[in-house]
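Position in the sequence shown (first residue = 1) + 58 = the numbering used here.
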Amino acid sequence: MASKPATAKTSRPRSAERYQQRREEVVDIAARVFAERGYHATSIDDLSDATGLQRGGLYHYIGGKQELLIRIHERFIEPLLETAREIARRQESPEVELRLLAQALVQDIADYRDQVTVFLHEWRIIEDAPEWKDIRKARKEFEEIIASCIRRGAQEGVFRPLDERTTMRGFLGMINYTYQWLNPRGRITPAAVADSFVDIFLRGILVDPERA
């Protein structure tokens, strides 16, 4: 029996999915080029060459270089937030949750190293853009998940009663700049890097360091 032709109703979602996939490819290629050459040194023509799209085709997927920085941030923050929310919902012990969050963050940096590199180098370019509010909201949500874990650990008597915001920033500060040296295909896996950092960190905040 001959297959039925796709209807407008079924073809639209597929078309939207193809568009989204292609846009993500464009964003990832742009992130690689920015990471290699620098944001300011990269022209639209360079991006056209790298993506194989003419200017008109390129602008079909992105509105310009500044919009690319916003999309680059989305590429690594959205999967990280999804994983962090799932970890928080498990309600593991505070030290286990902190370890899982560290593993998620280091793995995200490994998976999206170009994107993280570009954003951390160039974020000031877009801090006055209207979309900056959404960027800050996403980053604050991730920070709050970590701070909440630290707060719960102190309330349960597992962590020492330290200032949770300072402790959270110390945790992130220790991990965030692994993008400068982490090799996703190196001899030390992202999970092993995260575990090493958490072992060091927990010995500083646990009431009983032997639990680390």
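All C-beta atoms, glycine included, are put in the ideal place defined by N, C-alpha and C. No experiment lies behind these values; they were computed from the predicted model shown.
C-alpha distance - residue i paired with residue j, whole-angstrom precision
i: residue 221; j: residue 254; result: 23 Å
i: residue 61; j: residue 72; result: Note that residue 61 has pLDDT 49, beneath the 50 cutoff, so the model's placement of it is unreliable and the number below is only indicative. Between residue 61 and residue 72, the C-alpha separation is close to 17 Å.
i: residue 77; j: residue 119; result: 8 Å
i: residue 59; j: residue 249; result: In this prediction, residue 59 scores a pLDDT of 44, lower than 50, which makes its location untrustworthy; the coordinate-derived value is nonetheless stated afterwards. Looking at the two C-alpha atoms, the distance is approximately 51 Å.
i: residue 214; j: residue 227; result: 21 Å
i: residue 273; j: residue 176; result: The first residue shown for the chain is 59 and the last is 270, placing residue 273 beyond what the model contains.
i: residue 17; j: residue 251; result: Any answer about residue 17 is impossible in this case: the structure gives the chain only from 59 up to 270.
i: residue 138; j: residue 145; result: 11 Å
i: residue 79; j: residue 224; result: 39 Å
i: residue 264; j: residue 186; result: 40 Å
i: residue 125; j: residue 180; result: 12 Å
i: residue 184; j: residue 121; result: 14 Å
Bridge partners - residue i, DSSP secondary structure assignment
i: residue 127; result: In the DSSP output, where bridge partners are listed per residue, residue 127 has none listed.
i: residue 111; result: Answer by DSSP bridge pairing: none, since residue 111 is not bridged.
i: residue 260; result: According to DSSP, residue 260 bridges with nothing at all.
Burial state of residue i (16 or more Cβ within 10 Å)
i: residue 171; result: buried
i: residue 231; result: exposed
Length-filtered (4 minimum) alpha helix (DSSP H) runs lying within the region 137 to 225: 152 to 169, 171 to 180 and 190 to 213
Cβ contact check for the region 152 to 161 and the region 188 to 197: 3 or more pairs under 8 Å: no
The region 79 to 90 in contact with the region 135 to 154 per 3-pair CB rule at 8 Å: no
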